[in-house]
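Residue numbers (our numbering): 266 to 623.
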């Protein structure tokens, strides 16, 4: 038996199909993964993300600590409520995890890390904090609910009218506090919406209230196809400690300029990148899957994430290919020993309900 979020009983009562995800028993779907995928693209759906861990950092040296810890620069966060996507790197530049850091004030930040790496991340963060004056507090008392889709914000406001004032002006990767809630206009689907950090003791009631407002419960199955269509990396598949952000499509999350020194910077500055993470659009019937080989005119590569895209109605993938491969090239993916032609495209495939590749 895996670990359970505070919403586990709610998922069970709803008849969700549960499966192991990073040691947690999580809902994969509530009946139809395809229908849930389309619901998020066209209307609004919600996900239990409480298996992810929120960690609060507070103290007089929290900013210099995070400046050293993260590849992106927290100095960009100058207004309370802003948030930033970053990677957590080892000294070789390998990705320990990807995360979002929230800025509350100069002495208080929050980081949300992935479920499968939470214990490792926390241990690493505590080790790096030895020379800094700060407190690190894992927030096991919080639940995370992601509400995503073109109607997500309106339906959250319908369920909780008081949140509108604090949230309607939020731009992407902004956050705001409303009492015990953290409302952030972030997500992992390529659609608009909110991620809500709420007291775990209130999560079941909040879930029910959101459902009553017309927001459909969705499982991690469609969350994976949604994030893949949106060109978003999944830790453990598209990136891990064996690769750097520069070969994972995440150069934009690394602030290499200036005098700031962060863990992994020297390795990134000396790296001669020979691989890139890019998209594949399958040109024949079939489904692309992780670890399938990809043959190009410049050498072989490998699919890191692949699936059937419900929005495009064809196979798509993220693949790590030789650097010399260019957008528009036609390559061959090895599906069960047979070559299938695929076109190299620039992710995302879909964003805000619009197909962006052809």
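The beta carbon of each residue, even a glycine, is placed where N, CA and C say it ideally should be.
C-beta contact flag for residue 378 and residue 318 at 8 Å: Numbered from 1 along the chain shown, position 113 holds the residue referred to as residue 378. Numbered from 1 along the chain shown, position 53 holds the residue referred to as residue 318. Cβ distance < 8 Å, so residue 378 and residue 318 count as in contact.
Quick one, which of 494, 338, 332 and 345 has its alpha-carbon nearest residue 302's? As a first step, residue 302 must be located in the chain shown, where it is residue number 37. Looking at the Cα atoms, 494 is the closest of the given residues.
Would residue 540 and residue 583 be called neighbours here (beta carbons separated by less than 8 Å)? Within the chain shown, residue 540 is the residue found at index 275, counting from 1. Within the chain shown, residue 583 is the residue found at index 318, counting from 1. Not closer than 8 Å, so no.
For residue 581 versus residue 574, is the C-beta spacing smaller than 8 Å? What you label residue 581 is simply residue 316 of the chain shown in a count that begins at 1. What you label residue 574 is simply residue 309 of the chain shown in a count that begins at 1. Result yes, Cβ atoms of residue 581 and residue 574 sit closer than 8 Å.
Could you check whether residue 509 and residue 545 sit closer than 8 Å to each other, using their CB atoms as the reference points? Residue 545 sits at position 280 when you count from the first residue of the chain shown. Residue 509 sits at position 244 when you count from the first residue of the chain shown. For residue 545 and residue 509, no; Cβs fall outside 8 Å.
Using 8 Å as the threshold, is the C-beta distance between residue 335 and residue 366 below it? As a working mapping, residue 335 is identified with position 70 in the chain shown. As a working mapping, residue 366 is identified with position 101 in the chain shown. At a Cβ-Cβ threshold of 8 Å, residue 335 and residue 366 count as neighbours.
State the DSSP-derived secondary structure class of residue 595, mapped to helix, strand or coil. Working through the chain shown from its first residue, we reach residue 595 at position 330. Looking at residue 595 - three-state DSSP - the assignment turns out to be strand.
For the candidate residues 363, 346, 347 and 348, whose alpha-carbon lies nearest to that of residue 236? Any question about residue 236 goes unanswered here, given that the chain covers just 266 to 623.
State the beta-bridge partners of residue 449 as determined by DSSP. Looking up residue 449 in the chain shown gives position 184. DSSP lists 440 and 460 as partners of residue 449.
Determine the closest residue to residue 452 out of 275, 348 and 390, with distance taken between C-alpha atoms. For the purposes of this step, residue 452 is identified with residue 187 of the chain shown, where counting begins at 1. Checked all of 275, 348 and 390; the closest Cα to residue 452 is 348.
Pull up the DSSP beta-bridge partners for residue 379, would you. Here residue 379 refers to the residue found at position 114 of the chain shown. Its beta-bridge partners do not exist; DSSP assigns none.
With distances taken from CA atoms, which of 410, 485 and 454 is nearest residue 473? Counting from 1 along the chain shown, the entry for residue 473 is found at position 208. Ranking 410, 485 and 454 by Cα distance to residue 473 puts 410 first.
For residue 337, which of 599, 456, 518 and 497 has the nearest alpha-carbon? As a position in the chain shown, residue 337 is number 72, starting the count at 1. That would be 518, whose Cα lies nearest to the Cα of residue 337.
Less than 8 Å between the beta carbons of residue 310 and residue 481, yes or no? Along the chain shown, one-based indexing puts residue 310 at 45. Along the chain shown, one-based indexing puts residue 481 at 216. Cβ distance < 8 Å, so residue 310 and residue 481 count as in contact.
Looking at the structure shown, is residue 277 part of a helix, part of a strand, or coil, going by DSSP? In the chain shown, counting from the first residue as 1, residue 277 sits at position 12. In this structure, residue 277 counts as helix in the three-state DSSP scheme.
Give me the Cα-Cα distance between residue 627 and residue 270, rounded to the nearest whole angstrom. Since the displayed the chain opens at 266 and closes at 623, residue 627 lies outside it and no answer follows.
Quick check on DSSP: helix, strand or coil for residue 550? The sequence position of residue 550 within the chain shown is 285, counting from 1. Here residue 550 sits in coil by DSSP.
Taking 7 Å as the line, does the beta carbon of residue 273 fall inside it for any heavy atom of the ligand SAM? This structure does not include the ligand SAM; it has no bound ligands of any sort.
How many Å lie between residue 425 and residue 596 at the Cα? As a working note, residue 425 is residue 160 in the chain shown. As a working note, residue 596 is residue 331 in the chain shown. Residue 425 and residue 596: Cα-Cα distance of roughly 49 Å.
Rounded C-alpha distance that separates residue 267 from residue 498: Stepping through the chain shown from its first residue, residue 267 is reached at position 2. Stepping through the chain shown from its first residue, residue 498 is reached at position 233. Between residue 267 and residue 498, the C-alpha separation is close to 24 Å.
Would you kindly work out how many angstroms separate the C-alpha atoms of residue 492 and residue 399, rounded to a whole number? Here residue 492 refers to the residue found at position 227 when the chain shown is read from its first residue. Here residue 399 refers to the residue found at position 134 when the chain shown is read from its first residue. Approximately 34 Å between the Cα atoms of the pair.
Inspect the beta-carbon positions of residue 547 and residue 514 and report whether they are closer than 8 Å. Along the chain shown, one-based indexing puts residue 547 at 282. Along the chain shown, one-based indexing puts residue 514 at 249. No, they are not a contact pair.
Leaving out the 5 sequence neighbours to the left and right, which residues in its chain are closer than 8 Å to residue 436 when beta-carbon positions are compared? Along the chain shown, one-based indexing puts residue 436 at 171. 450.
Give every residue of the same chain whose Cβ lies closer than 8 Å to the Cβ of residue 280, excluding the five residues on either side of it in the sequence, and list them in chain order. Residue 280 sits at position 15 when you count from the first residue of the chain shown. The residues are 295 and 296.
Would you grab the beta carbon distance between residue 332 and residue 340 for me? Rounded to a whole angstrom, and I think it's under 8 Å. Working through the chain shown from its first residue, we reach residue 332 at position 67. Working through the chain shown from its first residue, we reach residue 340 at position 75. The pair is a contact, with the Cβ atoms about 7 Å apart (cut-off 8 Å).
Is it right to say residue 432 is buried, meaning 16 or more other beta carbons lie within 10 angstroms of its own, or is it exposed? Taking the first residue of the chain shown as 1, we reach residue 432 at position 167. It is buried - the Cβ of residue 432 has at least 16 other Cβ atoms within 10 Å.
Assuming contact is defined by CB atoms lying nearer than 8 Å, are residue 468 and residue 315 in contact in what I supplied? Walking along the chain shown from the start, residue 468 turns up at place 203. Walking along the chain shown from the start, residue 315 turns up at place 50. In this structure, residue 315 lies closer than 8 Å to residue 468 by Cβ.
Entirely within the segment 326 to 410 and at least 3 residues each: give me those beta strand (DSSP E) ranges in chain order. Within the segment 326 to 410, the complete beta strand (DSSP E) runs of at least 3 residues are 348 to 354, 360 to 370, 373 to 378 and 400 to 403.
Please work out which residues of its chain come closer than 6 Å, Cβ to Cβ, to residue 284, disregarding the five sequence neighbours upstream and downstream, and give them in chain order. Taking the chain shown and counting its residues from 1, the one referred to as residue 284 is at position 19. Cβ neighbours of residue 284 beyond the five flanking positions: 293.
Closest by CA to residue 288, which one among 327, 384 and 503? Locating residue 288 in the chain shown gives position 23, where the first residue counts as 1. Closest by alpha carbon: 384.
So who's on the other strand from residue 570, going by DSSP bridges? On the chain shown, position 305 is the one that residue 570 refers to. Per DSSP, 583.
Using 10 angstroms around the beta-carbon of residue 454, count the other beta-carbons present and answer buried if the total reaches 16, otherwise exposed. Taking the first residue of the chain shown as 1, we reach residue 454 at position 189. That one is buried.
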